[in-house]
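2 protein chains.
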Amino acid sequence: MTTKMGRRRANLRDVAAAAGVSVATVSRVLNAPEAVTQETRTRVQAAIDELRFVPSAAARAINSGRTRIVGALIPTLDNAIFARFLDAVESQLAPYRLSLIVATTSDDPKQEAEKAQRLVDIGVEGLIVSGITHSDVLYRLIERTQLPAIATSYFDAGYRFPTIGYDNRAAAEIALRHLTELGHRDIAVIHGPKHNNDRTRARIAGLKDAGLPVRLSFHQSHLSLGGGSTAANRILSSGKHVSALLCLSDVLATGALFTLRCNGIEVPRSMSLMGIDDLPASTFSDPPLTTVRLPVREMGCEAGKALADWVEQQQVPQSQELWPELIVRQSTAGAAG
Amino acid sequence: MTTKMGRRRANLRDVAAAAGVSVATVSRVLNAPEAVTQETRTRVQAAIDELRFVPSAAARAINSGRTRIVGALIPTLDNAIFARFLDAVESQLAPYRLSLIVATTSDDPKQEAEKAQRLVDIGVEGLIVSGITHSDVLYRLIERTQLPAIATSYFDAGYRFPTIGYDNRAAAEIALRHLTELGHRDIAVIHGPKHNNDRTRARIAGLKDAGLPVRLSFHQSHLSLGGGSTAANRILSSGKHVSALLCLSDVLATGALFTLRCNGIEVPRSMSLMGIDDLPASTFSDPPLTTVRLPVREMGCEAGKALADWVEQQQVPQSQELWPELIVRQSTAGAAG
DNA sequence: TTGACACATGTAACCAGTTACATCAATGCT
DNA sequence: AGCATTGATGTAACTGGTTACATGTGTCAA
Chain R
1 MTTKMGRRRA
11 NLRDVAAAAG
21 VSVATVSRVL
31 NAPEAVTQET
41 RTRVQAAIDE
51 LRFVPSAAAR
61 AINSGRTRIV
71 GALIPTLDNA
81 IFARFLDAVE
91 SQLAPYRLSL
101 IVATTSDDPK
111 QEAEKAQRLV
121 DIGVEGLIVS
131 GITHSDVLYR
141 LIERTQLPAI
151 ATSYFDAGYR
161 FPTIGYDNRA
171 AAEIALRHLT
181 ELGHRDIAVI
191 HGPKHNNDRT
201 RARIAGLKDA
211 GLPVRLSFHQ
221 SHLSLGGGST
231 AANRILSSGK
241 HVSALLCLSD
251 VLATGALFTL
261 RCNGIEVPRS
271 MSLMGIDDLP
281 ASTFSDPPLT
291 TVRLPVREMG
301 CEAGKALADW
311 VEQQQVPQSQ
321 ELWPELIVRQ
331 STAGAAG
Chain E
1 MTTKMGRRRA
11 NLRDVAAAAG
21 VSVATVSRVL
31 NAPEAVTQET
41 RTRVQAAIDE
51 LRFVPSAAAR
61 AINSGRTRIV
71 GALIPTLDNA
81 IFARFLDAVE
91 SQLAPYRLSL
101 IVATTSDDPK
111 QEAEKAQRLV
121 DIGVEGLIVS
131 GITHSDVLYR
141 LIERTQLPAI
151 ATSYFDAGYR
161 FPTIGYDNRA
171 AAEIALRHLT
181 ELGHRDIAVI
191 HGPKHNNDRT
201 RARIAGLKDA
211 GLPVRLSFHQ
221 SHLSLGGGST
231 AANRILSSGK
241 HVSALLCLSD
251 VLATGALFTL
261 RCNGIEVPRS
271 MSLMGIDDLP
281 ASTFSDPPLT
291 TVRLPVREMG
301 CEAGKALADW
311 VEQQQVPQSQ
321 ELWPELIVRQ
331 STAGAAG
């Protein structure tokens, strides 16, 4: 009954005392068991078990100077696109024995800065952020801590830190080009909030600068199924002639599709519909959604690997461009007339 | 030019030396600025800025004995149901200044145990796991570390640690009852892998034990849209008479719906279809999906809060049952004949 | 003038590990 | 027998913060 009632967690010294060895020996049993005799090893192990000793992570970290934690700042988890991105990141981190802390920002720079600060306080060794528009607070933080940081969902070779992502302008342009090639000239664009969201802004800019022979009208809504649905409703009830709906995210398109169906508008016969993202669900909708595939999973993998290599081997990664790809399914067709 | 070229990160002592004060004073500037004269404070601050000093999280943790990190073990992030659960958890943790590490297990107990060990190594102060079936390794780990742990997605008041979740048997039974009340007698059940998944097993058991006047056939598939789709295909091509499809997850139902549509089978006229979960997308499908709502967001909030209170105030939470709820939409109708 | 007290600051012990180096015994080789 | 070498273990100095306690200075009242 050596178990002390003083409920302090046992530490190395306690174990050493209990086993009748020095702290160094206990430490060796933990980190280099082969350097210790079988006999003392078992004795120490017994003490460890009896005292329910669990080594302190903090004490280890202080010596190694490492926490083996990286952080990701994303707008939300409640959107398949970010969730699968993170899923990919996490899967790449595991082999490096790095762990991932997730912090959501709701696309709010202030929240982002706060949570970034907390991540730094925790001692993350690297950071993944979404997009390339961030508060000065965040920039200063990264600069002063010299923290490896990678921006994703956006490609910009000239950015202050490496970006791994795609060209949002191009993605939108690909979609629009597809619609114009089908003969659409009056297109309504449904997009999520522009405020604090450079991906959305870039996509809109890509549309405007594409120089294609179309009349575009823009309709902002929440980035959700409901948002897409109500935006489509607004468009329909406006009475303006439109032969195609271009949604800047698949969620919006799925929402819009619902409204179209409710109003008896056949897709693609009476209205073409496009998205951007290529969510798994887009293959299984009715009709299957024509969209522009954004390689989020690859992006997650690449970002995870790049950050891990940076953290582990001081290998500053190159910015890396991934390519959006037109996926023609059945929600688009030639414009009537 | 006091910046040393020796690229070691500056520490408290460096700052103290640079500012010509003691370490205690620097520490005070950081943690209790009001206890220091305005004048020395600015001097110290200048040194901090110049040396780009960032306090070591590990060193702080070693003193406070706290990491302010909790961990969550979930099967995958690439499924809306877990993603939104985590989104909710994270949102609750933020006000407590706790951070969340996410580890995915692919429903594999070995991976779960490994990742749990890593979480403990990192020094998490609490743990959230999915379901109530886990490897002994995990149990021993939790027992020896005395780590606050909460199991979710399952309610079992007698479990070894608190559960916050719903009765999966009941959820399935609710669904089945709805179908039988509509007169369905031949029902095909589509479910995800049973192996290592007690939620699925409980739902199946709930169906079998319901004692309702039906003939059930069971069809296992991947827990994905594609899985639901191919399972539905198998059912259709088997030629057996079935008037309703009961999917034990909404993803499966959405996949099955796709197949039904492809085969020109009208829902609900020729075939009723039900899911369990109530994903956001289920409201916007065609037809909108009748389902059993599982309160995942609430579950995330409650689990987050409960764990935070446990960690912060040693308040061991009660197990908490949340109630599944039948959501009748338009994918179910009376059985023909 | 002196004691009491507040206030700013410094000293050094502490947290819980790791690890360079020292010690010591046992073995091997000449 | 004597010396070098190997292997197991111990000692104590680190890591980078926090903090109890000590010190020193200045203000005020008796």
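These protein sequences, in sequence, are chains R and E. full-length UniProt numbering puts the first residue of the first sequence at 1, with every later residue one more than the last. full-length UniProt numbering puts the first residue of the second sequence at 1, with every later residue one more than the last. Glycine included, each C-beta is placed from N, C-alpha and C at the ideal position.
For a test of your reading of the model: does the CB of Phe155 (chain E) fall under 7 Å from any non-hydrogen atom of the ligand GDP? Yes or no. Among the ligands in the structure shown, none appear at all, so the ligand GDP cannot be discussed.
Contact criterion: CB-CB distance below 8 Å. Does Leu273 (chain R) meet it with respect to chain E? no
At which residues does the alpha helix (DSSP H) containing Val102 (chain E) begin and terminate? Where Val102 (chain E) is concerned, there is no enclosing alpha helix (DSSP H), although the beta strand (DSSP E) it sits in stretches over 99–104.
Apply the 10 Å Cβ neighbour rule to Val316 (chain E) and answer buried if 16 or more other Cβ atoms are within range, or exposed otherwise. exposed
For Gly123 (chain R) versus Ser56 (chain E), is the C-beta distance shorter than 8 Å? yes
Does the region 274–285 of chain R come within contact of the region 305–324 of chain E, defined as at least 3 CB pairs closer than 8 Å? no
On a Cα-Cα basis, can you pick out the residue from R:Cys262, R:Gln117, R:Gln146, R:Ala19 that is closest to Glu39 (chain R)? R:Ala19
Can you tell me whether DSSP reads Phe218 (chain E) as helix, strand or coil? strand
Three-way DSSP call (helix, strand, coil) for Gly227 (chain E) in this model: helix
Helix, strand or coil at Glu266 (chain R) [DSSP, three-state]: coil
Would you kindly check if the distance between the Cβ of His191 (chain R) and the Cβ of Arg203 (chain R) is under 8 Å? yes
Using C-beta distances below 6 Å, list every residue in its chain close to Gln330 (chain R), excluding the 5 sequence neighbours before and after it, in chain order. Pro287, Pro288
Apart from the five residues on each side of it in sequence, which residues of its chain come closer than 7 Å, Cβ to Cβ, to His134 (chain E)? Pro109, Glu112
For the alpha helix (DSSP H) that Asp87 (chain E) lies in, which residues bound it at each end? 80–93
DSSP-derived helix/strand/coil call for Val36 (chain R): coil
Limits of the unbroken alpha helix (DSSP H) element including Glu125 (chain E): Premise fails: Glu125 (chain E) is in no alpha helix (DSSP H) and is neither H nor E.
Against chain E: residues of the region 239–263 of chain R by CB proximity under 8 Å: Thr254, Gly255, Leu257, Phe258, Arg261
Could you tell me the alpha carbon to alpha carbon distance between Leu12 (chain E) and Arg118 (chain R), rounded to whole angstroms? 20 Å
Check the Cβ of Asp78 (chain E) against every Cβ in chain R and list those closer than 7 Å, keeping chain order. Ala83, Arg84, Asp87
Residues of chain R with a CB under 9 Å from the CB of Leu100 (chain E): which are they? Ile101, Val102, Ala103
Taking DSSP as the reference, what is the three-state secondary structure of Val316 (chain E)? coil
Quick one: is Gln146 (chain E) buried, meaning 16 or more other Cβ sit within 10 Å of its Cβ, or exposed? exposed
If you measure from the beta carbon of Thr67 (chain R) to each beta carbon in chain E, is any gap under 8 Å? yes
State buried or exposed for Asn79 (chain E), treating a residue as buried only when at least 16 other CB atoms are found within 10 Å of its CB. buried
If you drop the 5 nearest sequence neighbours on each side, which residues of the same chain put their C-beta closer than 8 Å to that of Gly6 (chain E)? Because Gly6 (chain E) sits at a pLDDT of 45, beneath the cut-off of 50, its placement in the model cannot be relied upon, and the point is left open.
Residue from E:Ile128, E:Leu246, E:Arg60 with nearest C-alpha to Val70 (chain E): E:Ile128
One or two residues paired with Ser272 (chain E) in a DSSP bridge: E:Ala244
Consult DSSP for Trp238 (chain E) and reduce its assignment to one of helix, strand or coil. In the sequence as presented, Trp is not what sits at residue 238 (chain E); that position holds Ser. Ser238 (chain E): helix per DSSP, three-state reduction.
What distance in whole Å lies between the Cβ atoms of Val292 (chain R) and Ala175 (chain R), which are believed to be in contact at a cut-off of 8 Å? 5 Å
Neighbourhood of Asp278 (chain E) by C-beta distance below 6 Å, restricted to the same chain and skipping five residues each side: Thr291, Arg293, Ile327
Could you tell me which residues DSSP pairs with Ala149 (chain R) in its beta bridges? R:Leu127
By a C-beta neighbour count over all protein chains shown, 10 Å radius and 16 as the cutoff for buried, is Gly131 (chain E) buried or exposed? buried
Answer with yes or no whether the minimum CB distance from Ile122 (chain E) to chain R is below 8 Å. yes
From Thr37 (chain E) to Arg144 (chain R), what does the alpha carbon distance come to, in whole angstroms? 25 Å
For Ala281 (chain R), which of helix, strand or coil comes out of DSSP? helix
With a threshold of 16 other CB atoms inside 10 Å of the CB of Arg8 (chain R), please say whether the residue is buried or exposed. exposed
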